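A.B. asks: Protein sequence lines correspond, in order, to chains A and B.
Mapping to numbering that gives the first Met the number 0: the first sequence position 191 is 190, numbers consecutive.
Mapping to numbering that gives the first Met the number 0: the second sequence position 161 is 160, numbers consecutive.
Cβ coordinates follow ideal geometry from the N, Cα and C atoms, glycine included.
Quantities reported herein were computed from a predicted structural model and do not represent experimental measurements.
I'd like to ask you about the structure that follows.
2 protein chains.
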Amino acid sequence: MKIDHDSPADLSAQIASAIREAIIEGRLIVDERLPSEAELAEHFEVSRPTVREALKRLAAQSLIRTQRGATGGAFVNRLSYEAAQTQQITTSTLLLSMNAVSFETACEARFSLERACAPLSAQRRTADHLAAMRAEIHRQGQPGLTDEAFCASDVTFHRALVDGARNPVISYQLAGAVEAMQPLMNMITFTARDRARIIALHEQIADALEAQDAEATAKGLSALETETQDLARDVFAARAVKG
Amino acid sequence: MKIDHDSPADLSAQIASAIREAIIEGRLIVDERLPSEAELAEHFEVSRPTVREALKRLAAQSLIRTQRGATGGAFVNRLSYEAAQTQQITTSTLLLSMNAVSFETACEARFSLERACAPLSAQRRTADHLAAMRAEIHRQGQPGLTDEAFCASDVTFHRALVDGARNPVISYQLAGAVEAMQPLMNMITFTARDRARIIALHEQIADALEAQDAEATAKGLSALETETQDLARDVFAARAVKG
DNA sequence: GCAGATTTAATGTCAGACAATTAGATTTGC
DNA sequence: GCAAATCTAATTGTCTGACATTAAATCTGC
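Here it is, written out as structure tokens:
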């Protein structure tokens with residue numbers, strides 16, 4: 000593992016890449032302890048602060064964790080589904096907001112991918128998943144619920160649907176698609192009538208899952224997509240008129 | 000934007016979080032220049048190395064970039080689809096390898112999500128997407144192709160299929176699911192007969208897309224999933240017997 | 001033996017310095 | 001006057017050396 004001191008690239012970036020490669024290729028395994036900062040500094044022939052910057056880069060990606068104390072040091076992290084999801088949600092959210100992705104495009108992506116879960120979720124969902132969905136439907140019907148809370152409940156409902164597929168890889172991949180929509184949804188004001196229509200479709204979807212009817216689930220999701228797209232179109236059109 | 004000097008958490012982690020929040024909430028916008036390291040150090044009442052560690056954390060997530068020189072500094076990055084995809088592929092790959100995700104689970108996730116693209120891709124794919132897929136099919140038929148190259152070509156084929164949906168959000172979300180399978184596929188040895196069957200299914204899928212037949216595309220993908228799962232089962236069973 | 005004090009090895013933080021880079025201002029040559 | 005060369009200032013990149021903090025291991029007294 001060597002770096003190029005004459006390269007124009009930052010030494011800390013090079014060191015981070017070298018260690019990252021070692022982790023990805025399995026030369027460093029989970030829970031293995033890296034050499035101490037002083038030893039790494041000596042190995043790469045750089046100062047300790049430079050090594051530290053490299054380690055912080057890796058820590059930001061959850062590739063390593065550090066512990067202080069006598070037996071401390073930097074250890075290769077087991078990348079958990081939870082940590083990966085958190086990162087993915089942050090990245091997806093930023094990607095959508097910074098690239099001015101249209102509501103239409105994001106919505107299409109989200110519902111397309113969610114429909115992919117319908118067959119699995121209809122087959123495998125547990126009573127717990129159904130109960131979680133019913134609970135969110137109930138919450139969504141509460142009067143006085145803010146638009147933001149309504150959207151948050153919507154996200155929870157859909158994540159329960161996705162988790163119903165009981166495939167952690169799918170749950171991970173879809174976390175970004177579902178959660179990143181929330182800021183976009185938050186731009187919409189929901190009238191009581193809008194909410195009623197959405198809740199009715201949520202009920203339809205929950206019923207279909209309870210009956211383990213994959214086709215009806217997919218249909219419900221498609222209807223919800225159409226409803227959401229129409230709603231957004233109206234809201235944005237009204238806003239454009241107002242100025 | 001303040002931090003807690005008495006918190007047990009690293010100061011550099013706190014500073015990174017504070018700036019990250021500011022970016023996510025839009026208080027710092029794309030291409031905006033952050034204060035210089037010296038100014039940040041003064042503001043947060045920490046030393047420059049500590050600020051630098053925080054900035055390197057953000058740089059590792061592609062949230063900022065730094066420039067040297069008179070008008071240099073740290074700038075908020077526009078998170079590009081490309082950078083986001085690269086990160087997602089790294090994370091997905093590590094997630095699968097470190098958590099010993101079964102071939103079955105990963106394969107199910109990948110094909111479920113890919114089937115979600117079938118309707119859109121059948122409708123919108125361009126001649127370019129078809130050409131890319133045909134080219135990969137041709138490559139896959141070449142004698143003397145290593146297993147690794149065969150798998151890489153497989154990934155390219157499927158990414159062309161996904162890109163055919165012409166929805167960048169979908170392409171981004173699925174990049175991880177498709178690419179992260181490659182290391183798992185690389186564990187399989189493909190006989191000539193295996194390859195022939197896979198190529199035939201690829202042709203079937205390409206034909207369906209050319210005919211803009213969504214249902215046939217989905218069917219082709221399902222058949223390919225079954226084929227892949229069977230193949231993997233055989234390989235792993237044979238390996239288990241051998242020891 | 002065991003509780004508490006001590007040692008030790010590691011990360012976390014700091015201060016100050018110098019090197020390298022780059023844009024812009026200034027000077028110089030004609 | 002204008003273009004090229006030079007200087008200047010601002011900023012990041014890196015280094016050195018030190019001290020603070022943490023936590024496990026070891027020693028000590030009883």
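Taking any Cβ of chain B, which residues in the segment 150 to 167 of chain A have a Cβ under 9 angstroms from it, in chain order?
C.D. replies: ALA164, ASN166, PRO167
A.B. asks: Nearest-angstrom Cα distance between B:MET97 and B:ILE187?
C.D. replies: On the second sequence, residue 97 of chain B is found 98 positions in, with the first residue counted as 1. On the second sequence, residue 187 of chain B is found 188 positions in, with the first residue counted as 1. Rounded to whole angstroms, B:MET97 to B:ILE187 spans 19 angstroms at the Cα level.
A.B. asks: Taking the straight line between their C-alpha atoms, what separation do you get for B:ALA231 and B:SER101?
C.D. replies: In the second sequence, the residue the question calls residue 231 of chain B occupies position 232. In the second sequence, the residue the question calls residue 101 of chain B occupies position 102. Whole-angstrom Cα-Cα distance: 11 angstroms.
A.B. asks: What did DSSP end up calling B:ILE169 once you bin it into helix, strand or coil?
C.D. replies: Taking the first residue of the second sequence as 1, we reach residue 169 of chain B at position 170. Three-state result, B:ILE169: helix.
A.B. asks: At the 9 angstroms Cβ level, is A:VAL29 part of the contact set with chain B, yes or no?
C.D. replies: Within the first sequence, residue 29 of chain A is the residue found at index 30, counting from 1. True, the Cβ-Cβ gap to chain B drops below 9 angstroms.
A.B. asks: Where A:SER71 and B:GLU24 are concerned, what is the direct C-alpha to C-alpha distance, given to the nearest angstrom?
C.D. replies: Sequence index remark: in the first sequence, residue 71 of chain A carries index 72 (1-based). Sequence index remark: in the second sequence, residue 24 of chain B carries index 25 (1-based). According to the sequence shown, residue 71 of chain A is Gly rather than Ser. The alpha-carbon of A:GLY71 is positioned some 35 angstroms away from that of B:GLU24.
A.B. asks: Which runs of the alpha helix (DSSP H) spanning at least 4 residues fall entirely within the segment 89 to 176 of chain A, listed in chain order?
C.D. replies: 102 to 123, 126 to 140, 146 to 162
A.B. asks: Is it right to say A:SER11 is buried, meaning 16 or more other beta carbons lie within 10 angstroms of its own, or is it exposed?
C.D. replies: The residue you call residue 11 of chain A lines up with position 12 of the first sequence. Buried is the call here.
A.B. asks: Would you grab the beta carbon distance between B:VAL154 and B:ARG109 for me? Rounded to a whole angstrom, and I think it's under 8 angstroms.
C.D. replies: Along the second sequence, one-based indexing puts residue 154 of chain B at 155. Along the second sequence, one-based indexing puts residue 109 of chain B at 110. About 10 angstroms; that fails the 8 angstroms criterion.
A.B. asks: A:HIS42 to B:GLN86, Cα distance in whole Å?
C.D. replies: As a position in the first sequence, residue 42 of chain A is number 43, starting the count at 1. As a position in the second sequence, residue 86 of chain B is number 87, starting the count at 1. A:HIS42 and B:GLN86: Cα-Cα distance of roughly 28 angstroms.
A.B. asks: By DSSP's criteria, A:PHE74 is part of a beta bridge. Which residues make up the other side?
C.D. replies: Within the first sequence, numbered from 1, the residue matching residue 74 of chain A stands at position 75. A:ARG32, A:ARG64, per the DSSP bridge assignment.
A.B. asks: Could you tell me whether any Cβ in chain A is nearer than 9 angstroms to the Cβ of B:SER6?
C.D. replies: As a working mapping, residue 6 of chain B is identified with position 7 in the second sequence. So no, B:SER6 is outside the interface.
A.B. asks: What does A:GLY68 reach in chain B if we use C-beta pairs closer than 8 angstroms?
C.D. replies: The count along the first sequence starts at 1 and reaches residue 68 of chain A at position 69. Under a criterion of Cβ atoms nearer than 8 angstroms, no residue of chain B is adjacent to A:GLY68; the nearest Cβ is some 13 angstroms distant.
A.B. asks: Under 9 angstroms, Cβ to Cβ, is there at least one residue of chain B near A:ASN98?
C.D. replies: Start at 1 with the first residue of the first sequence, and residue 98 of chain A comes out as number 99. At least one chain B Cβ lies under 9 angstroms of A:ASN98.
A.B. asks: For B:LEU220 and B:ILE14, what's the separation of their Cα atoms in angstroms?
C.D. replies: The count along the second sequence starts at 1 and reaches residue 220 of chain B at position 221. The count along the second sequence starts at 1 and reaches residue 14 of chain B at position 15. Each residue's Cα considered, the two are about 47 angstroms apart.
A.B. asks: Using the rule of at least 16 other Cβ atoms within 10 Å of the residue's Cβ for burial, across every protein chain shown, is A:ALA130 buried or exposed?
C.D. replies: If you number the first sequence from 1, residue 130 of chain A lands on position 131. Exposed, since its Cβ has fewer than 16 Cβ neighbours within 10 Å.
A.B. asks: DSSP state of A:GLY219, grouped into three classes?
C.D. replies: Locating residue 219 of chain A in the first sequence gives position 220, where the first residue counts as 1. Reduced to three states, the DSSP call for A:GLY219 is helix.
A.B. asks: Output, in chain order, the set of chain B residues within a Cβ distance shorter than 7 angstroms of A:GLY175.
C.D. replies: Taking the first sequence and counting its residues from 1, one reaches residue 175 of chain A at position 176. Result: GLN172.
A.B. asks: How long is the line joining the alpha carbons of B:ARG133 and B:THR145, rounded to whole angstroms?
C.D. replies: Reading the second sequence from its first residue, position 134 is the one you call residue 133 of chain B. Reading the second sequence from its first residue, position 146 is the one you call residue 145 of chain B. So the alpha carbons of these two residues sit roughly 19 angstroms apart.
A.B. asks: Using beta-carbon positions only, say whether B:GLN272 and A:THR89 come within less than 9 angstroms of one another.
C.D. replies: What the structure shows of chain B is the stretch from 0 to 242, and residue 272 of chain B is not part of that stretch, so it cannot be assessed.
A.B. asks: Classify A:GLN13 as helix, strand or coil using the three-state DSSP reduction.
C.D. replies: By one-based count along the first sequence, residue 13 of chain A stands at place 14. Note: A:GLN13 maps to helix in three-state DSSP.
A.B. asks: Taking a contact to mean a Cβ-Cβ separation below 9 angstroms, would you say A:ALA164 touches B:SER111 in this structure?
C.D. replies: On the first sequence, residue 164 of chain A is found 165 positions in, with the first residue counted as 1. On the second sequence, residue 111 of chain B is found 112 positions in, with the first residue counted as 1. Yes.
A.B. asks: Please confirm if B:GLY72 has its CB atom under 9 angstroms from at least one CB of chain A.
C.D. replies: On the second sequence, position 73 is the one that residue 72 of chain B refers to. By this cut-off, B:GLY72 is not an interface position.
A.B. asks: Under 9 angstroms, Cβ to Cβ, is there at least one residue of chain A near B:THR225?
C.D. replies: Position 226 of the second sequence, counted from the start, is the residue given in the question as residue 225 of chain B. No, B:THR225 lies away from the interface with chain A (no Cβ there is under 9 angstroms from its Cβ).
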